[in-house]
Amino acid sequence: MSLADIRAALNAELSATPEYYDFKVQHSERDGALWRVTLEAGYVFAEGQRPGAASAQALLDDSLDGASVWWGAPAKGGASVLAVLAEDDQLVLQNASSPPPPTGHLIRLYPTRFLNAVADAWYDTPWAEAALAGLPDLARPKPLAERAALTGEPFRWLRPAQRVALQLVGHSSGFLWGPPGTGKTTTLGVLLAEYLDRQPHARVLLLSTTNQAVDQALLAVDKALHKGRREHWREAVQRLGTRFDAAAYEGREHLIPTQDRDLIARLARAESARPSARDALALKAWADRVAGLRDELRSASLKVLQRCRLAAMTTTRAAFTLRTLRELAPDGEPPFDLLVFDEASQVSLAHALVLMPLGRARLFAGDPQQLSPVLRSDDRLARRWLGRSAFAEMPRAGASVA
4 MSLADIRAAL NAELSATPEY YDFKVQHSER DGALWRVTLE AGYVFAEGQR
54 PGAASAQALL DDSLDGASVW WGAPAKGGAS VLAVLAEDDQ LVLQNASSPP
104 PPTGHLIRLY PTRFLNAVAD AWYDTPWAEA ALAGLPDLAR PKPLAERAAL
154 TGEPFRWLRP AQRVALQLVG HSSGFLWGPP GTGKTTTLGV LLAEYLDRQP
204 HARVLLLSTT NQAVDQALLA VDKALHKGRR EHWREAVQRL GTRFDAAAYE
254 GREHLIPTQD RDLIARLARA ESARPSARDA LALKAWADRV AGLRDELRSA
304 SLKVLQRCRL AAMTTTRAAF TLRTLRELAP DGEPPFDLLV FDEASQVSLA
354 HALVLMPLGR ARLFAGDPQQ LSPVLRSDDR LARRWLGRSA FAEMPRAGAS
404 VA
């Protein structure tokens, strides 16, 4: 068990992960300023792999939101993925520099390789050492004497097992698990609402694996704050990221920070207009422009994080914005009092560990019997660090497990 093992695991997985996929277009149509591109099911070429009849649907999910798209014919162009409709094998593209290709042509998709961000963090040796030092705590959580017990008093409808779960925040690591339909999300919402009220100076980072899961968890917190008559804390809860379900936030607009949407649009347009590598001067100017826009966006996100008490985002965004999150506590102390992983069975152990120094305590919620982290490599170390989640280290029983 060493940093070298984790780094080797990450390198093995990165080597097994294609940088791009080529799909055959079935149909392209304009939808206002957007384009809808339907892909031919069963026709996928992955970089470095022999062509095969893989299902396009199996590769399409909302983790591809924001991915770059490129095509070479009939006219070269590029765009970014606004949304994925997996059930229809369809991409919704924005900021297209030219019309996407018609039926029968190929379109290339470059997924966002979040694992690069995770790997970068593990190669930051001081941070990585702090991350690895958190591993023993998962199996042997410590009680936190200074934490006030949560009673759930305003929520008289809570079942006994749900009330027991509220005490998980009294441990350095806690595990909330159960199959679908058992009320985990509702329990998590009540727990965090009560935590914000009983710990008025505490700060929370709520993470989940997909944008939809982030929305569901955050809305559960907001509903619990409302039902528990904790209205004064609702404005202190914020959803970070731009790929949320806008319809889900109707009547709850206070959860979405007012960000410079024009800045986000300008960044998307700039990224899709990358010049040829043959034109070095143009490429350098493009890189400087994109870097400047990213710095502006990072500064805006930092201001939101500094003023809110609970921030919610995907685990992927947390990996990409780790530098910004660390800047919230320039003295090197954890910037958050509680770090929450929802759908934690799908977060690899390496990914969870490298984020753990952000919080003084952490809570893992999910179902270890359901989906595991996605793994492509068959390397032994990759299976150990990337094919398992924090639930693999969970105590079999005890007060830190509910």
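For the sequence shown, the numbering used here gives the first residue as 4, with consecutive numbering after it. No residue lacks a Cβ here, since even glycine has one placed at the ideal position from N, Cα and C. Computed from a predicted structure; not experimentally measured.
(request) In the DSSP assignment, find the beta strand (DSSP E) that holds Trp125 and state where it starts and stops. (result) In the sequence shown, the residue the question calls residue 125 occupies position 122. Careful: Trp125 lies outside any beta strand (DSSP E), inside the alpha helix (DSSP H) at Phe117 to Trp125.
(request) Would you mind stating whether Val28 and Pro104 have Cβ atoms separated by less than 9 Å? (result) Taking the sequence shown and counting its residues from 1, one reaches residue 28 at position 25. Taking the sequence shown and counting its residues from 1, one reaches residue 104 at position 101. Yes.
(message) Less than 7 Å between C-beta atoms, sequence neighbours within five positions excluded: which residues of the same chain meet that for Tyr252?
(response) Against the sequence shown, residue 252 aligns to sequence position 249. If we look at Tyr252 and ignore the five residues flanking it on each side, its Cβ neighbours are Leu258 and Ile259.
(message) Are the CB atoms of Arg255 and Pro3 within a distance shorter than 9 Å?
(response) Nothing can be reported for residue 3, as the shown portion of the chain is limited to 4 through 405.
(message) Can you tell me where the beta strand (DSSP E) holding Lys27 begins and where it ends?
(response) Residue 27 sits at position 24 when you count from the first residue of the sequence shown. From DSSP, the beta strand (DSSP E) with Lys27 extends over Tyr24 to Asp34.
(request) Would you grab the beta carbon distance between Gly177 and Pro360 for me? Rounded to a whole angstrom, and I think it's under 8 Å. (result) For the purposes of this step, residue 177 is identified with residue 174 of the sequence shown, where counting begins at 1. For the purposes of this step, residue 360 is identified with residue 357 of the sequence shown, where counting begins at 1. That belief does not hold up - the Cβ atoms of Gly177 and Pro360 are roughly 17 Å apart, past 8 Å.
(request) Using alpha carbons as the reference points, say which of Gly181, Asp200 and Cys311 lies closest to Gln241. (result) Taking the sequence shown and counting its residues from 1, the one referred to as residue 241 is at position 238. With distances taken between Cα atoms, Gln241 lies closest to Cys311.
(request) List the DSSP bridge partners of Phe344. (result) Reading the sequence shown from its first residue, position 341 is the one you call residue 344. Phe344 pairs with Leu210 and Phe367.
(message) Excluding the 5 residues flanking Leu378 on each side, which residues of the same chain have their C-beta closer than 6 Å to its C-beta?
(response) If you number the sequence shown from 1, residue 378 lands on position 375. Hits under 6 Å: Leu389 and Gly390.
(request) Taking Ser275 as the reference, give the member of Pro139, Leu199, Trp73 and Glu396 with the closest Cα. (result) The residue you call residue 275 lines up with position 272 of the sequence shown. Cα-wise, what sits closest to Ser275 is Trp73.
(message) Just to check my reading of the structure: Leu308 and Ala314 have Cβ atoms closer than 8 Å, yes? What is that Cβ distance to the nearest angstrom?
(response) Translated into positions along the sequence shown, residue 308 becomes position 305. Translated into positions along the sequence shown, residue 314 becomes position 311. So it is a contact: roughly 6 Å between Cβ atoms.
(request) Could you tell me if Glu16 is buried or exposed, where buried requires 16 or more neighbouring beta carbons within 10 angstroms of its beta carbon? (result) As a position in the sequence shown, residue 16 is number 13, starting the count at 1. Counting Cβ neighbours within 10 Å, Glu16 comes out buried, since at least 16 surround it.
(request) Only counting runs of 3 or more residues, tell me where the beta strand (DSSP E) segments fall wholly within the region 303-353, in order along the chain. (result) 313-317 and 339-344
(request) Work out the CA separation of Phe26 and Ser58 for me, nearest whole Å. (result) Position 55 of the sequence shown, counted from the start, is the residue given in the question as residue 58. Position 23 of the sequence shown, counted from the start, is the residue given in the question as residue 26. Summary for Ser58: the model assigns pLDDT 49, below 50, so the residue's position carries little reliability; its value from the coordinates is reported in the next sentence. C-alpha separation (whole angstroms): 10 Å.
(request) Return the bridge partner residues of Arg111 from the DSSP annotation. (result) Residue 111 sits at position 108 when you count from the first residue of the sequence shown. Partner(s): Asp25 and Trp73.
(message) Please return the same chain residues whose Cβ sits closer than 7 Å to the Cβ of Lys187, not counting the five positions on each side in sequence.
(response) Position 184 of the sequence shown, counting from 1, holds the residue named residue 187. Closer than 7 Å at the Cβ level, and outside the excluded window around Lys187, lie Leu179, Gly181 and Ala368.
(message) If I measure Cβ to Cβ from Asp382 and keep anything under 7 Å in the same chain, skipping five residues before and after, which residues do I get?
(response) Reading the sequence shown from its first residue, position 379 is the one you call residue 382. Counting only Cβ-Cβ distances below 7 Å, and skipping sequence neighbours, we find Ala12 and Ala15.
(message) Once the 5 residues before and after Tyr24 are set aside, which same chain residues still bring their CB inside 8 Å of it?
(response) Working through the sequence shown from its first residue, we reach residue 24 at position 21. The residues are Val47, Phe48, Ala49, Glu50, Leu62, Arg111, Leu112 and Pro114.
(message) Helix, strand or coil, according to DSSP, for Arg242 in the structure here?
(response) Here residue 242 refers to the residue found at position 239 when the sequence shown is read from its first residue. Strand, per DSSP.
(message) Suppose you measure from the CA of Ser5 to the CA of Ala122; what does that come to, to the nearest Å?
(response) As a first step, residue 5 must be located in the sequence shown, where it is residue number 2. As a first step, residue 122 must be located in the sequence shown, where it is residue number 119. Approximately 14 Å, taken between the alpha carbons.
(request) For Ser83, write down the residues that DSSP places opposite it in a beta bridge. (result) Locating residue 83 in the sequence shown gives position 80, counting from the first residue. Ser71 and Gln97, per the DSSP bridge assignment.
(request) Measure the alpha-carbon distance for Lys79 versus Gln170 and round it to whole angstroms. (result) One-based indexing of the sequence shown puts residue 79 at position 76. One-based indexing of the sequence shown puts residue 170 at position 167. Rounded to the nearest angstrom, the two C-alpha atoms are 57 Å apart.
(message) Quick check: the Cα distance between Glu436 and Ala142, rounded to an integer number of angstroms?
(response) Given a span of 4 to 405 for the chain in the structure shown, any question on residue 436 remains unanswerable.
(message) Does the contact criterion of 3 or more C-beta pairs under 8 Å hold for the region 330-340 versus the region 198-211?
(response) yes
(request) Give every residue of the same chain whose Cβ lies closer than 7 Å to the Cβ of Leu384, excluding the five residues on either side of it in the sequence, and list them in chain order. (result) What you label residue 384 is simply residue 381 of the sequence shown in a count that begins at 1. So the list reads Asp8, Ala11, Ala12 and Ala15, once near-sequence residues are dropped.
(request) Locate the beta strand (DSSP E) running through Ala49, then write down its first and last residues. (result) In the sequence shown, counting from the first residue as 1, residue 49 sits at position 46. Residues Leu37 to Ala49.
(request) State the beta-bridge partners of Pro146 as determined by DSSP. (result) The residue given as residue 146 occupies position 143 in the sequence shown. Answer is His174, bridged to Pro146.
(message) Bridge partners for Val404 per DSSP, in chain order?
(response) Along the sequence shown, one-based indexing puts residue 404 at 401. Val404 pairs with Phe178.
(request) Report yes if the CB atom of Asp92 is closer than 9 Å to the CB atom of Ser211, and no otherwise. (result) Translated into the one-based positions of the sequence shown, residue 92 becomes position 89. Translated into the one-based positions of the sequence shown, residue 211 becomes position 208. For Asp92 and Ser211, no; Cβs fall outside 9 Å.
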